[in-house]
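Heads up: the structure comes next, in structure tokens.
Here it is in structure tokens:
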């Protein structure tokens, strides 16, 4: 890390900030400047990430993205292939920070004694630290020891987190797991020369046993037990160790990172950890329940905060470029086609998706291509959210007290903490959402991917800069928050979605809005329809919502609600397609419905064939 | 100058090619600097540690784990054959014996007094690495492998399946737009690498496998056929270990895709020469693209092109040769005429940076910068 401005002494002296996010596909740079005492986003640039040949150096992509900012602003930030830091007059920047998920991010295996207890806690610790969990090994995972050994050997994780046993409990199973890891003699993914980092965060009584078995065969670190007693998790120490080791071992062996580490003012943060911190900030500031998503090229991260309990999951192989073909494999062709509002042959769709996979940095030029990408995004979001709901269960967060009976009940029932009717805001980030040509497209993708119920606000990251703001918030919270509110978070509006189903054309919902200018907007929407009422960003309307007998918007079936609804760039979206949402199976009928909905919300331009630039 | 551009795939008439040939684990290197090696020659060898089996001896003998050592008949490091007695216990003054036999032959790796578990390592698995291309050994990585250097034609594909293959290159299409028909694949193509046109069909693949073709180089393939060959939907583009009987290299993409004229003509001009190909593709960090290497005799008079590493690309500039890599102009080649810095609106309404391009037939178009690749020599 470079010596620069002393942030502890005078954060106000910071005038210029450059922040980058090295994604798996693109590296994004943003420029923030202080004007009249306030920090604002000035410009952004992006360039393909360069961990691949011929460059094999992530800093090249960083310089290219920053050079785009130079082109757009006419300012100089780079000299001799380095970011000029600290600033020299008009040249360079006062602060440079970065996040990264390039190189496949942090890929971990976790191990614990009981799959539903310590192993699940270990999984949450790893996910919360921004890792992709490649596999979970547990004494009761019903695999043979040799199968576990083969897995460890073949998957070649960047790091292993070993937990197991409450303090004072059994040491035998922990010893067994340590023996398996030692027998596998795992090699790290990057670099032949260094030994694989293993973190032990289990029963304190087994520390020596683990050391005996793993010290010679790995780079072993011991930290506090992440499940010291059955009814309490203590995930933070393990998470911090994971992030330290990510920087010390993994990043240093990724192409060019050692150089990038020297440039940044604070350690490079894994992208998901940075986005996670921003999501938690939203929940804390507004005291609301939040679901957030960051849909990237290789992975899709889902974050949720319900009742102050934070959860993050990553769907390692759901994404819009490198992993786009895996969305097809997991969702299947019919599931993607059901969102495409025109006829397309399966073979054609398959080839288009594979061509995106092999040329991941390309973007849709024609409207039809955009529609197909947005159809795929809906499925990626839907699948990632299903995975999230499966893991956001039971014991969550640090220092949360529960009784033993709660513990058993939660893990066995798998009751998810995610309650869509309680959800206050759904926030989207990632290229396909942030760069959707019309904001209503992002809103529609979020609705179709997450199926919000009742009354839910929708927002999107304006230009995909939550990762950079997440890391900036670690050193300069004021700048990060100002830019977040003024330039990053675009409020799309509010979705009103009654839960229930009926026959198409049946009465579904009546809504009356008393607008800020005193006028009244009334709308009656039938089942199977969508509608939008414009309401400006941050404008508030008094709403009376009357669901029909079979429908619930939060107060119970057929129960009227009086509430306040907040506007956004799209307005108030009334989604009367029902929950669960069932699309027509007949191809012609489905295309007709999709076209109708798109028209009602003005989602796409009229001329689909247009290929003009 | 523009900074955001995709480097293109290489299509080089004659260039210096270096191939690292490394073992997955440390082992023995069999070649020395200065050796001239054939593609098929083994240059390094090692043994992968054998598979590991575990057996819980304490449970089998109904003894306490801490007592395990005095019941063991073999110690760590010993080799024990399959079926031999590994440990035994006596009870009732030695009247009754129970024993534990080796499930497989192997070396005792460890004996645990905490778990009662014995770990057995089976016989090592030999691994050999060949030179892959005809060339000279220019560097030895101690205990790991060698660097083989050659001069020749080098063509990168966009996607491939199957591992490495070496064989004589034969041309079975008249031009890059011809679909590779099964009829043109004959028994004479056994052990050969064949150059097709715009598309390899399922029937052609079957025919090629039947006659024993070692590799196919072609413009495109259908994803549905890929699924049929693999037996599953390929989710993430990491390939190279498929066992489909041959190696396949796709130069353009999925669907019927005319092979770029330059690529086709160059490869066709190497008819009858020995080619080394690899279908291994990894479109992730540390990207690996499939490739064709055709070593050339050094005395042949063609000008040697400088390797790109010696002359770093200058990026995208007016006059650069580019190929469009996404519909609606997919596959078309042209020269950059304009690089406007400001964002422009596409047909999809996205606001992006674009470039102007003049195609080979004189037509003009505007395309997103993200949708072209530089043509690398």
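Residue numbers (the working numbering), protein chains in the order written: chain A, 1 to 613; chain B, 1001 to 1377. For every residue, glycine included, the Cβ atom is placed at its ideal position computed from N, Cα and C. A quick note: this is a predicted structure, and the numbers were derived from the prediction, not measured.
I'd like to know whether the C-beta atoms of residue 573 of chain A and residue 508 of chain A end up nearer to each other than 9 Å. no
Taking CB distances under 9 Å as the criterion, tell me whether residue 141 of chain A reaches chain B. It does not; no Cβ of chain B falls within 9 Å.
Which residues in the same chain have their Cβ closer than 6 Å to the Cβ of residue 553 of chain A, if we skip the five residues on either side of it in sequence? Excluding sequence positions up to five before and after residue 553 of chain A, its CB lies within less than 6 Å of the CB of 454, 498, 545, 547, 561, all in the same chain and listed in chain order.
At the level of alpha carbons, what is the spacing between residue 136 of chain A and residue 1173 of chain B? 50 Å
What did DSSP end up calling residue 496 of chain A once you bin it into helix, strand or coil? strand
For residue 185 of chain A, return the contacting residues in chain B, with the cut-off set at a CB-CB distance below 8 Å. 1049
Between residue 50 of chain A and residue 58 of chain A, how many whole angstroms is the CB-CB distance? I'm expecting something under 8 Å. 6 Å
Any contact between the region 341 to 357 of chain A and the region 1214 to 1232 of chain B? By contact I mean 3 or more CB pairs, one from each, below 8 Å. yes
Determine the DSSP secondary structure at residue 1221 of chain B, reduced to helix, strand or coil. strand
Are there 16 or more other CB atoms within 10 angstroms of the CB of residue 575 of chain A, so buried, or fewer, so exposed? Under this definition residue 575 of chain A is a buried residue.
Exposed or buried, what is residue 1125 of chain B when buried is set at 16 or more other beta-carbons lying within 10 Å of its beta-carbon? exposed
Would residue 1028 of chain B pass as an interface residue toward chain A - the criterion being a Cβ-Cβ separation below 9 Å? False, the Cβ-Cβ gap to chain A never drops below 9 Å.
Closest residue to residue 614 of chain A among A:170, A:224, A:162 (Cα-Cα distance): With chain A running from 1 to 613 in the structure shown, residue 614 of chain A is simply not present.
Neighbour flag for residue 1109 of chain B against chain A, beta carbons, 9 Å: yes
CB contact check: residue 1304 of chain B to chain A, cutoff 9 Å: Its pLDDT being 46, under 50, residue 1304 of chain B is placed unreliably by the model, and nothing is read from it.
May I ask which residues mark the beginning and end of the beta strand (DSSP E) holding residue 423 of chain A? Here residue 423 of chain A belongs to no beta strand (DSSP E), and DSSP marks it neither H nor E.
Between A:119, A:26, A:65, which has its C-alpha nearest residue 391 of chain A's C-alpha? Considering only A:119, A:26, A:65, the residue with the shortest C-alpha distance to residue 391 of chain A is A:119.
Beta carbon proximity, residue 1158 of chain B to chain A, threshold 9 Å: yes
Check each residue of the region 1135 to 1151 of chain B: if its Cβ is closer than 8 Å to any Cβ of chain A, include it; give the result in chain order. 1144
Alpha helix (DSSP H) segment containing residue 348 of chain A, residue limits: 346 to 358
Got a sec, what are the start and stop residues for the alpha helix (DSSP H) residue 164 of chain A sits in? Note, residue 164 of chain A: premise wrong, no alpha helix (DSSP H); not H, not E.
Nearest-angstrom Cα distance between residue 230 of chain A and residue 1010 of chain B? 58 Å
Apart from the five residues just before and just after residue 288 of chain A, which ones in its own chain have a Cβ nearer than 7 Å to its Cβ? 424, 425
Mind pulling the chain A residues with CB within less than 9 Å of residue 1248 of chain B? Near residue 1248 of chain B there are no residues of chain A at all, since even the closest Cβ is about 14 Å away, more than 9 Å.
Check residue 1075 of chain B in the structure and name its three-state DSSP category. coil
Verify the CB distance criterion: does residue 1114 of chain B have a CB-CB separation below 9 Å to chain A? yes
Mind checking if residue 354 of chain A is an interface residue toward chain B, Cβ cutoff 9 Å exclusive? yes
Own chain, CB closer than 6 Å to residue 1373 of chain B, minus 5 neighbours either side, in chain order: 1006, 1008, 1323, 1325
Scan the region 1345 to 1357 of chain B for residues whose Cβ lies nearer than 9 Å to a Cβ of chain A and list them as they occur along the chain. 1345, 1346, 1347, 1348, 1349, 1350, 1351, 1352, 1353, 1354
Residue nearest to residue 569 of chain A in terms of C-alpha spacing, selected from A:452, A:492, A:450, A:222: A:492
May I ask you to list the residues that DSSP assigns as paired with residue 522 of chain A? A:512
Name the residue from A:186, A:48, A:21, A:248 whose alpha carbon lies nearest to the alpha carbon of residue 614 of chain A. Beyond the ends of chain A as shown, which are 1 and 613, falls residue 614 of chain A; an answer cannot be given.
For a cutoff of 9 Å on Cβ pairs, would you count residue 1065 of chain B as touching chain A? yes
Going residue by residue through the region 194 to 251 of chain A, where are the continuous alpha helix (DSSP H) segments of at least 4 residues, counting only ones entirely within it? 207 to 214, 236 to 245
Residue 295 of chain A versus residue 1220 of chain B: straight-line alpha-carbon distance, rounded: 29 Å
Going by C-alpha distance, which of A:346, A:32, A:473, A:357 is nearest residue 75 of chain A? A:32
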